[in-house]
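These notes are about the structure you will find just below.
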Amino acid sequence: MYRRADAPETAHSDLLAACARAPRAVVCGESVLALHELIDDIPAAVHIAVPRGTCRPTISFPPTVVAQHAAKTFDLGLERFEAAPGETIPMYKAARSVVDAMRHRSRLGETLALSALGRYLRRSKRGGVSELQHIAGVHRPWAGSTSSSRATCCSPSSAHVE
Numbered sequence: 021m022y023r024r025a026d027a028p029e030t031a032h033s034d035l036l037a038a039c040a041r042a043p044r045a046v047v048c049g050e051s052v053l054a055l056h057e058l059i060d061d062i063p064a065a066v067h068i069a070v071p072r073g074t075c076r077p078t079i080s081f082p083p084t085v086v087a088q089h090a091a092k093t094f095d096l097g098l099e100r101f102e103a104a105p106g107e108t109i110p111m112y113k114a115a116r117s118v119v120d121a122m123r124h125r126s127r128l129g130e131t132l133a134l135s136a137l138g139r140y141l142r143r144s145k146r147g148g149v150s151e152l153q154h155i156a157g158v159h160r161p162w163a164g165s166t167s168s169s170r171a172t173c174c175s176p177s178s179a180h181v182e
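Those letters in the sequence shown? Residues 21 to 182, per my numbering, in order.
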């Protein structure tokens, strides 16, 4: 990725690179849990999501895991993170990230998902529970999800569909 020569150093250059190569993508999964400091793990790859029905980007570097989220709830809990001074990237809020982690705990690992949930609840006190309930209610995995709605316009990869 090209940046200005006078651009300040950043610990988030992989996130900037992945989002520059996939402008519609949103940082999600383990990457966003780490950004919110809800887990101690350092993700081995940048986790991004694109709307279901769009082509998944093919990114050779940095290592990237691409998920497809339902278009109806893709923008739910979206915010911007300043990865470097003057450079922002889209990512999901902490509550959305925790709900997604709990929904996909069999893939992410139950320990990681429960750790994120516990840290979120300790930080957010009472307001956090209602926010989790709101997002979980809107973001129901059983509401009209079928395998036939998967995008087929791109070559298959190790990405998963949510």
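Note that the Cβ used here is the ideal one computed from N, Cα and C, for glycine as well.
Note that the structure is predicted; figures quoted are calculated from it, not measured.
Short Cβ contact (8 Å threshold) for residue i with residue j
i, j, result
"Leu134", "Tyr112", "no"
"Ala136", "His32", "no"
"Arg41", "Pro77", "yes"
"Val70", "Pro82", "no"
"Pro110", "Val47", "yes"
"Leu35", "Ala114", "no"
Residue i burial status per 10 Å Cβ neighbour count (16 or more: buried)
i, result
"Ala106", "The residue asked about is misnamed: residue 106 is Gly in this sequence, not Ala. The residue is exposed, with fewer than 16 neighbouring Cβ atoms inside 10 Å."
"Pro176", "Low local confidence applies: a pLDDT of 36 at Pro176 is under 50, so the model's placement there is unreliable, and no value is given."
"Ser169", "Note that Ser169 has pLDDT 35, beneath the 50 cutoff, so the model's placement of it is unreliable and no number is given."
Three-state class that DSSP yields for residue i in the structure shown
i, result
"Glu50", "helix"
"His56", "coil"
"Asp34", "helix"
"Ala133", "helix"
Spatially closest choice to residue i from the options, by CA coordinates
i, options, result
"Val85", "Val149, Cys39, Lys92", "Cys39"
"Ala54", "Ala37, Arg139, Arg123", "Arg139"
heavy atom of the ligand ZN below 7 Å from residue i C-beta
i, result
"Ala121", "The ligand ZN is not part of the structure shown, which contains no ligands of any sort."
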